Amino acid sequence: MKMRSLVVLKTQQLISRVSSSSAAVRWRAAQTRLLCSSSPDEAKRRPSMLRHLTSKLKATGPISVAEYMKEVLTNPVTGYYVRNNMLGPDGDFITSPEISQIFGELLGVWILSEWMGAGRPKQLQLVELGPGKGSLASDVLRVFSQLQSVLCESSVSLHLVEVSPVLSRLQAQTLTRDSSREADAEDELVYRRGETAAGLPVSWYRRLDDVPTGFSIFIAHEFFDALPIHKFQRTDKGWREVMVDIDPEKNDQLRFVVTPSPTLASSTLVHDDERREHLEVCAEGGVIVQQLARRIVEDGGAALIADYGHDGTKTDTFRGFKGHQLHDVLASPGSADLTADVDFSYLRRMAGGGVACLGPVTQRTFLKNMGIDTRMQVLLRNCSDPSTRKQLISSYDMLTNPAKMGERFHFFSLLHHSRLAKPKRATGMKLEKTSPAPLPVAGFTELSFS
79 MKMRSLVVLK TQQLISRVSS SSAAVRWRAA QTRLLCSSSP DEAKRRPSML RHLTSKLKAT
139 GPISVAEYMK EVLTNPVTGY YVRNNMLGPD GDFITSPEIS QIFGELLGVW ILSEWMGAGR
199 PKQLQLVELG PGKGSLASDV LRVFSQLQSV LCESSVSLHL VEVSPVLSRL QAQTLTRDSS
259 READAEDELV YRRGETAAGL PVSWYRRLDD VPTGFSIFIA HEFFDALPIH KFQRTDKGWR
319 EVMVDIDPEK NDQLRFVVTP SPTLASSTLV HDDERREHLE VCAEGGVIVQ QLARRIVEDG
379 GAALIADYGH DGTKTDTFRG FKGHQLHDVL ASPGSADLTA DVDFSYLRRM AGGGVACLGP
439 VTQRTFLKNM GIDTRMQVLL RNCSDPSTRK QLISSYDMLT NPAKMGERFH FFSLLHHSRL
499 AKPKRATGMK LEKTSPAPLP VAGFTELSFS
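Set out below in structure tokens:
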């Protein structure tokens, strides 16, 4: 779909003003690990996730994959996300914002485009779920700073939903330097506050429910893939849940088992028209999408979800990552990241009819629609250093190459229905002024630059 000339001008202005920024291209350097290496004796004294799980299994019997993931990733004592700095070249995986600042810049343009499409509300809450090191939020806020004249006198604030104390401290260092402070009481909804160098307020929460109401743009980049999933297997007797149990032949190892009878999850989470033989359902992700949809309906705004995913076609995607390599999900629990591809067809169903859902589209399609090629041309034209040019080309390839991140990652959006409403037509003999046609949704629409 082609944009009208006014839409072309507005979007092109956003892209070009970010592209022409005098700020030099910065490349993410590996950051010092927050946790120092421990001696063998200290490692033995450290709480063991495997010992914790085997004790639990001996006492209660097999547990669901969802409960296993929740324990391994977010247990307050031994959880992977609670104890580790897992992001970046020295961690277990690296995300798009760490590969290139261009990624965050284009998402910043998308946020402003949706804010403009909603009529430029006086309040803009940027809410990020699982903000990693804070790199994405930092790049987005830099775009906001460069386009301050577009935001005019709107009140902008940043709200981060993060369960990891380690990562929240790292995010605070990235976004606020030394200006953040922790709450005095552990039960306060906002457990950390701070300000960016530009004076923007930043708040940290453990739950989405704790974020204040108001017009918000929600960003979830590589967030839903880490939420706990239930696994189900179709059998001759119907759907059965896959559980985790102790291997009877090796007491220090875990194994998957299939329940002999239905569970509450297998009876309620599998859709009646499901045709796959194996199924993964992220019930917690469904609840969060319902929360996002309700907030968008009541307060306006939009949500952008970017993640590994599929549209209801894949089956067994549960896997682990350690040192940028695939890792057995049941081996050394707590030492590796656990993830599963997001089923966007399930998220669409859970969002309901109150919001409009767009996508999923591949990351390659989304970034190209957002103008990544135009941005790259500007950067390469203004860059004479051979090493930096090589890094630019390499990062572009990593983000867009179908064999790399280009088609593994997908973008999915929830929008208020009014955002896509068609203009009213004049009726009868009276000539009525029609409302302007809605702006095309950037990233999900092929934009025409002329």
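Numbering (the numbering used here), first residue to last: 79 to 528. Ideal Cβ placement from N, Cα and C applies to all residues, glycine included. Keep in mind that this is a model prediction, so the values were computed, not measured.
C-alpha gap between residue i and residue j, whole angstroms
| i | j | result |
| --- | --- | --- |
| glutamate 524 | leucine 190 | 18 Å |
| lysine 500 | serine 339 | 51 Å |
| serine 117 | serine 126 | Only weak support is given to the placement of serine 117: the predicted model assigns it a pLDDT of 45, under 50, and the question is left unresolved by the model. |
| threonine 440 | phenylalanine 487 | 6 Å |
| phenylalanine 522 | isoleucine 383 | 12 Å |
| asparagine 153 | arginine 312 | 31 Å |
| serine 233 | aspartate 421 | 35 Å |
| serine 246 | aspartate 314 | 47 Å |
| alanine 381 | leucine 408 | 33 Å |
| arginine 397 | leucine 404 | 7 Å |
| serine 100 | glutamate 183 | Because serine 100 sits at a pLDDT of 36, beneath the cut-off of 50, its placement in the model cannot be relied upon, and the point is left open. |
| arginine 353 | alanine 144 | 22 Å |
| threonine 254 | proline 464 | 33 Å |
| leucine 112 | valine 244 | A caution first: leucine 112 carries a pLDDT of 30, below 50, which makes its placement in the model unreliable, though a value can still be read off. Taking the straight line from one Cα to the other gives about 8 Å. |
| alanine 137 | phenylalanine 334 | 17 Å |
| leucine 185 | lysine 134 | 43 Å |
| threonine 110 | valine 359 | Low local confidence applies: a pLDDT of 28 at threonine 110 is under 50, so the model's placement there is unreliable, with the coordinate-based value given in what follows. Roughly 36 Å between the two C-alpha positions. |
| serine 345 | histidine 402 | 36 Å |
| methionine 448 | valine 187 | 8 Å |
| phenylalanine 490 | threonine 156 | 33 Å |
Residue i: first and last residue of the uninterrupted beta strand (DSSP E) it sits in
| i | result |
| --- | --- |
| glutamate 206 | 201-207 |
| serine 462 | Neither: serine 462 is in no beta strand (DSSP E) and is coded neither H nor E. |
| alanine 440 | Correcting the residue type first, residue 440 is threonine in the shown sequence and not alanine. Start and end: 433-440. |
| glutamate 358 | 356-359 |
| glutamate 149 | It is not in any beta strand (DSSP E) - glutamate 149 instead sits in the alpha helix (DSSP H) that spans 143-152. |
| aspartate 217 | Not the beta strand (DSSP E): aspartate 217 falls in the alpha helix (DSSP H), residues 213-224. |
Proximity of residue i and residue j at Cβ, strictly below 8 Å
| i | j | result |
| --- | --- | --- |
| glycine 292 | glutamine 201 | yes |
| tyrosine 158 | glycine 412 | yes |
| threonine 417 | phenylalanine 444 | no |
| glutamine 226 | serine 294 | no |
| glycine 195 | proline 438 | no |
| aspartate 385 | aspartate 303 | yes |
| proline 529 | arginine 453 | With the chain running from 79 to 528 in the structure shown, residue 529 is simply not present. |
| threonine 466 | isoleucine 324 | no |
| phenylalanine 310 | leucine 207 | no |
| valine 241 | arginine 271 | no |
Presumed contact (8 Å Cβ cut-off) between residue i and residue j, rounded CB distance
| i | j | result |
| --- | --- | --- |
| aspartate 419 | histidine 388 | 6 Å |
| leucine 492 | valine 433 | 5 Å |
| valine 320 | valine 336 | 6 Å |
| serine 213 | leucine 477 | With 8 Å as the limit, serine 213 and leucine 477 do not qualify as a contact, their Cβ atoms being about 14 Å apart. |
| glycine 363 | leucine 305 | 5 Å |
| leucine 436 | valine 519 | 6 Å |
| valine 367 | leucine 286 | With a Cβ gap of about 10 Å, valine 367 and leucine 286 do not count as contacting. |
| histidine 308 | alanine 343 | 5 Å |
| glutamine 179 | proline 209 | In fact, because the Cβ distance is near 15 Å, the residues do not count as touching under 8 Å. |
| leucine 370 | threonine 393 | With 8 Å as the limit, leucine 370 and threonine 393 do not qualify as a contact, their Cβ atoms being about 26 Å apart. |
| glycine 379 | arginine 373 | 7 Å |
Member of the options whose CA lies at the smallest distance from the CA of residue i
| i | options | result |
| --- | --- | --- |
| histidine 495 | Gly431, Val280, Lys446, Gly139 | Gly431 |
| aspartate 217 | Thr274, Thr346, Val241 | Thr274 |
| glycine 390 | Arg373, Ala409, Val348 | Val348 |
| leucine 267 | Glu183, Arg255, Ser281 | Ser281 |
| valine 239 | Ser258, Tyr269, Gln224 | Tyr269 |
| glycine 317 | Val289, Glu355, Ala298 | A small fix is needed here, since residue 317 is tryptophan in this sequence, not glycine. Closest option to tryptophan 317, Cα to Cα, is Glu355. |
| isoleucine 172 | Phe490, Met483, Phe489 | Met483 |
Endpoints, the alpha helix (DSSP H) within which residue i is located
| i | result |
| --- | --- |
| proline 175 | 174-177 |
| histidine 130 | 127-138 |
Proximity test, Cβ basis, 8 Å: residue i and chain D
| i | result |
| --- | --- |
| threonine 417 | The chain labelled as chain D is not found in the depicted structure, where only one protein chain is given. |
Cβ-heavy atom distance, residue i to the ligand SAH, below 7 Å
| i | result |
| --- | --- |
| leucine 492 | As presented, the structure is devoid of all ligands, the ligand SAH included, so that no description of it is given. |
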